[in-house]
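>
Number of protein chains: 2
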Amino acid sequence: MKLNDPTSHETAMPADLRMTPQRRQVLDVLQESCDHPTAIEVFMRAKERIPGISLATVYNCLETLTEHALIRQVNIERASSRFCANLQEHVHFHCEGCGLVIDAPPMEVIEAKKLWRLPEGVTVTGLDVAIRGRCPECTKKTHA
Amino acid sequence: MKLNDPTSHETAMPADLRMTPQRRQVLDVLQESCDHPTAIEVFMRAKERIPGISLATVYNCLETLTEHALIRQVNIERASSRFCANLQEHVHFHCEGCGLVIDAPPMEVIEAKKLWRLPEGVTVTGLDVAIRGRCPECTKKTHA
DNA sequence: GTGAATGCAAAACCTTTGCAACTGG
DNA sequence: CCAGTTGCAAAGGTTTTGCATTCAC
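Top to bottom, those sequences are chains A and B. The first sequence begins at 259 in the numbering used here and counts up by one. The second sequence begins at 259 in the numbering used here and counts up by one.
#1: Residues in the same chain with beta-carbon distance under 6 Å from residue 283 (chain A), minus the five sequence neighbours each way, listed in chain order, please.
#2: Could you check if residue 281 (chain A) is buried or exposed, using at least 16 other CB atoms within 10 Å of its CB as the buried criterion?
#3: Quick one: list the residues of chain B neighbouring residue 278 (chain A), beta-carbon separation under 8 Å, in chain order.
#4: Using the three-state DSSP reduction, which class does residue 387 (chain B) fall into: helix, strand or coil?
#5: Which one of A:298, A:380, A:396, A:271 has the shortest CA to CA distance from residue 359 (chain A)?
#6: What are the residues that DSSP puts in a beta bridge with residue 364 (chain B)?
#7: To which residues of the same chain is residue 374 (chain B) closer than 8 Å at the C-beta, ignoring the five residues directly before and after it?
#8: Quick check: what's the CA-CA separation for residue 316 (chain A) versus residue 323 (chain A)?
#9: Taking the alpha helix (DSSP H) that residue 316 (chain A) belongs to, which residues open and close that run?
#10: Counting only Cβ pairs nearer than 7 Å, list the residues of chain A close to residue 311 (chain B).
#11: So with CB distances below 7 Å, who are the chain B contacts of residue 365 (chain A)?
#12: Tell me whether residue 367 (chain B) is buried or exposed, calling it buried when 16 or more other Cβ atoms sit within 10 Å of its Cβ.
#13: Name the residues in the stretch 383-395 of chain A whose C-beta lies less than 8 Å from a C-beta of chain B; which are they?
#14: Short check: CB of residue 341 (chain A) to CB of residue 288 (chain B), under 7 Å?
#15: Just verifying my parser: in three-state terms, what is the DSSP assignment at residue 382 (chain B)?
#16: In its own chain, which residues sit with a C-beta less than 6 Å from the C-beta of residue 298 (chain B), not counting the 5 before and 5 after it?
#17: Kindly list the residues whose CB is nearer than 6 Å to the CB of residue 356 (chain B), restricted to its own chain and excluding five residues on each side of it in sequence; keep chain order.
#18: Are the beta-carbon atoms of residue 385 (chain B) and residue 389 (chain A) separated by less than 7 Å?
#19: Which value, in whole angstroms, describes the spacing of the CA atoms of residue 346 (chain A) and residue 302 (chain B)?
#20: Using DSSP with H/G/I as helix, E/B as strand and the rest coil, what is residue 286 (chain A)?
#21: Going by CA-CA distance only, name the one from B:361, B:269, B:353, B:379 that's closest to residue 290 (chain B).
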């Protein structure tokens, strides 16, 4: 049996993670999808394999799998959109410790096409960047 | 009277935007806030000034002000979080035409601290990037 | 056997919508 | 005056929660 083969749909579960059919299928669904499904979409696809699976379980699985780094949650916040009146070009630094949000201006013009490999022919109209980390205060606390 | 002074709380409304007390206060709240409030938070702060203001109006104002580029909406999607099992380092390209999401790997290691001006002492643990634009197909349609 | 995970239903949220009343230009 | 905006209430959709049942180890 293949273990830890990224192309396999039989990724080994970490030892500290109980392997249930629901978790297995949720992970499989995501490994077979390339369209970044929402929780609801994962639910519908998983339901084709485990008709009795519940939405709450899918949410549980997604959370657990994310915690164990088997999948990634694409949006930084599950929460609601935030707004700001700072119209200068800038990105956002989110402190994982205290939730602080700091505006960070670019050092130089950021050209997405030079930094990331994009398909030929795409048009880039904007860039939304969220930097995750710990603010100076929370960094100190971590070291303490 | 100061017009178009970004530090003023009396930013001139564009000629094509009807200036109502509600819009004025929602904009003022955002210009006085540096913590990127959510719609609900804007609502609560605006309520202190216009007790009768309704949440629906705040949503309306946020949408209108965003359309007129007087404020920015921080998260790309109002919609729900998406998930992916691609654990390779990559960012996401969202097509504004058809909604397609494409994974884009970095050309080289991205160092947030070199690209954006961050406060001294912060720890960076991750970078979430969403590139907005039009995929090759939708780019063609736009030119047609 | 037992602690953890599931399924279900209900609740909690956030956001949108429909519509009558109101108002800024 | 009147198109556009507001406030309210209700609906829509997503996510979370509580709890009895089931299950993986």
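Just so it is clear, CB atoms sit at the ideal spot from N, CA and C, and this is done for glycine as well. Just so it is clear, the structure is predicted and the values come from calculations on it, not from any experiment.
To lay it out plainly:
#1: 304, 307, 308
#2: buried
#3: Going along chain B, no residue has its Cβ under 8 Å from residue 278 (chain A), so there is no contact; the nearest lies around 17 Å.
#4: strand
#5: A:396
#6: A:374
#7: none
#8: 10 Å
#9: 313-325
#10: Those do not exist, as residue 311 (chain B) stays about 16 Å from chain A at its closest Cβ, beyond 7 Å.
#11: 372, 373, 374, 375
#12: exposed
#13: 383, 384, 385, 386, 387, 388, 389, 390, 391, 392, 393, 394
#14: yes
#15: strand
#16: none
#17: 396
#18: yes
#19: 26 Å
#20: helix
#21: B:269
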